[in-house]
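What follows is a single structure, written as structure tokens, with notes after it.
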Amino acid sequence: MQVQKTGEARKLLLIQGGLLVLIPLAILPLGATVAISGFLGGAIAFVSSLIMFLLVFRQYRAQQPEKVLAKFYSAEIAKLIFAMAAFAMIVLNVKPLSFATLILVYFVIQVLPALLIKNG
Numbered sequence: 003m004q005v006q007k008t009g010e011a012r013k014l015l016l017i018q019g020g021l022l023v024l025i026p027l028a029i030l031p032l033g034a035t036v037a038i039s040g041f042l043g044g045a046i047a048f049v050s051s052l053i054m055f056l057l058v059f060r061q062y063r064a065q066q067p068e069k070v071l072a073k074f075y076s077a078e079i080a081k082l083i084f085a086m087a088a089f090a091m092i093v094l095n096v097k098p099l100s101f102a103t104l105i106l107v108y109f110v111i112q113v114l115p116a117l118l119i120k121n122g
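The sequence shown begins at 3 in my numbering and counts up by one.
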């Protein structure tokens, strides 16, 4: 169980990392502001997933389900706090910024890899 779930989580992170590079390059023709905003949105999604991975799978033991559940909840809270703080810092400090691109790329990098793994 541990190897399979850790493997899927690693695969998710690899896909997210690839998208983090590819999406900003793909939207670069739309302008530097759009590409940078996309990269920052993707970076928030990737780093928050990395935080979740490290907190949950660092000392993973499937034999203790109550502790695994507690790890998931605390990791999700840490992930959300990081994401909110990162969004706030970027919106307040990065000028010019394409807010729509920031949010859209965050969403794509957060959701698309999970759909790919589920259907793959």
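Ideal placement from N, C-alpha and C gives every residue a C-beta, glycine not left out.
- A buried status is given to P115, since no fewer than 16 other beta-carbon atoms sit within 10 Å of its beta-carbon.
- Ranked by how close their Cα comes to the Cα of L56, the residues F41, G40, E78 have E78 in first place.
- For the region 35-110, the full-length alpha helix (DSSP H) segments reaching 4 residues or more read 67-95 along the chain.
- Rounded to the nearest whole angstrom, the CA to CA distance from F48 to P31 is 23 Å.
- Look at G33 here: in three-state DSSP terms it is coil, with no helix or strand label.
- Contact annotation: G44 and I105 have beta-carbon atoms that are not nearer than 7 Å.
- V58 is classed as buried because its beta carbon has at least 16 other beta carbons within 10 Å across all chains shown.
- Of all alpha-carbon atoms in V96, A80, E68, the one lying nearest the alpha-carbon of I53 is that of A80.
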